[in-house]
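Working notes, beginning with the structure itself.
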Amino acid sequence: MKEQLSSGQDVKKEEEKTEDVVDEQLQTLVELRKMTHTQKDQIKQLQKDLDTYCCEVESLRENIERLIRQNKELLRKNGSLQKQGRMLLLERAEILKRLQQSEENTLQLRRVLNETNRACKDLEVQKQWDEETALAAITKGQQSPRFSLSELRDVLQEKNALKVKVLELEEKMEQIRASSPGGEIESNRGTPSPNMSLSSTSLSKQLEESQLQHEKKDNIPSPQTSPPQTERKLKSCFY
């Protein structure tokens with residue numbers, strides 16, 4: 001009997017132990033299921049986050065490609081603008097150079113005009129002096145004239161013709177100055193026109209010929225000498 005009782009107690013203890021183990025296993029399974037569901041939910045959330053990140057990455061990639069294209073376009077436009085800027089700087093330098101040359105030509109024309117005006121005044125003084133000298137020689141009778149009155153008139157007419165040519169030259173210079181604010185003066189680049197050079201050359205030759213005729217004939221008495229600055233100013237003006 002004692003053995004049966006002890007064996008029964010042992011069986012009960014084993015059953016209790018077995019039940020405890022089964023309960024623990026069941027509890028472990030329940031916990032594992034809960035963990036599995038939780039991890040599944042986390043995996044789903046992570047998958048959603050991953051999909052969101054993939055969309056954002058794709059959007060960023062598209063934005064980067066768009067920015068790269070815009071950068072290339074801006075670089076091309078920048079190169080074109082730099083080229084245009086260099087061309088504008090060259091044009092500005094050329095315009096400033098032309099403006100400076102036109103100012104220099106204008107100053108040169110003004111100097112020539114002033115010298116021409118002085119030459120005209122000197123011719124006026126020379127003409128008055130010649131007329132007074134001729135009248136003094138005829139009226140006072142200090143010396144007998146070596147040529148007739150008609151020859152004296154020819155000399156005076158020659159001087160008048162020279163004066164007219166000087167006035168024509170002055171008018172041409174005024175026309176050039178008035179009609180060339182920058183374009184025509186630039187085309188000349190500081191060189192005088194052929195008409196002006198020809199007229200000044202012929203005028204200087206005629207002045208020399210008239211001077212030689214006066215020196216050869218020596219028919220007009222000189223109670224007072226001619227102003228020596230007249231011929232110097234004329235030669236400095238036309239040479």
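In full-length UniProt numbering, the protein residues as written are 1 to 239. Note that CB positions come from ideal geometry on N, CA and C, so glycine has one too. Note that this is a predicted model, so its numbers are computed, not measured.
Express the C-alpha separation of residue 131 and residue 200 in angstroms, rounding to a whole number.
Reliability fails at residue 200, whose pLDDT of 49 lies under 50, so the model's placement of it is uncertain and the value that follows must be treated cautiously. Rounded to the nearest angstrom, the two C-alpha atoms are 25 Å apart.
Taking just the CA atoms, how far does residue 24 sit from residue 42?
26 Å
Mark residue 116 as exposed unless 16 or more other C-beta atoms lie within 10 angstroms of its C-beta, in which case mark it buried.
buried
Does the distance from the C-beta atom of residue 127 to that of residue 159 stay below 7 Å?
yes
What separation, rounded to the nearest whole angstrom, lies between the Cα atoms of residue 137 and residue 152?
Their Cα atoms are separated by approximately 11 Å.
Please report how far the alpha carbon of residue 177 lies from the alpha carbon of residue 124, in whole angstroms.
25 Å
Which word fits residue 162, buried or exposed, when buried means at least 16 other C-beta atoms lie within 10 angstroms of its C-beta?
Residue environment: residue 162 is assigned as buried (16 or more neighbouring CB atoms within 10 Å of its CB, all protein chains considered).
To the nearest angstrom, how far is it from the Cα of residue 154 to the Cα of residue 114?
29 Å
Use the C-beta contact count for residue 96: other C-beta atoms within 10 angstroms, 16 or more gives buried, fewer gives exposed.
So residue 96 ends up on the exposed side.
Can you say whether residue 14 is buried or exposed, counting buried as having 16 or more other CB atoms within 10 angstroms of its CB?
The residue is exposed, with fewer than 16 neighbouring Cβ atoms inside 10 Å.
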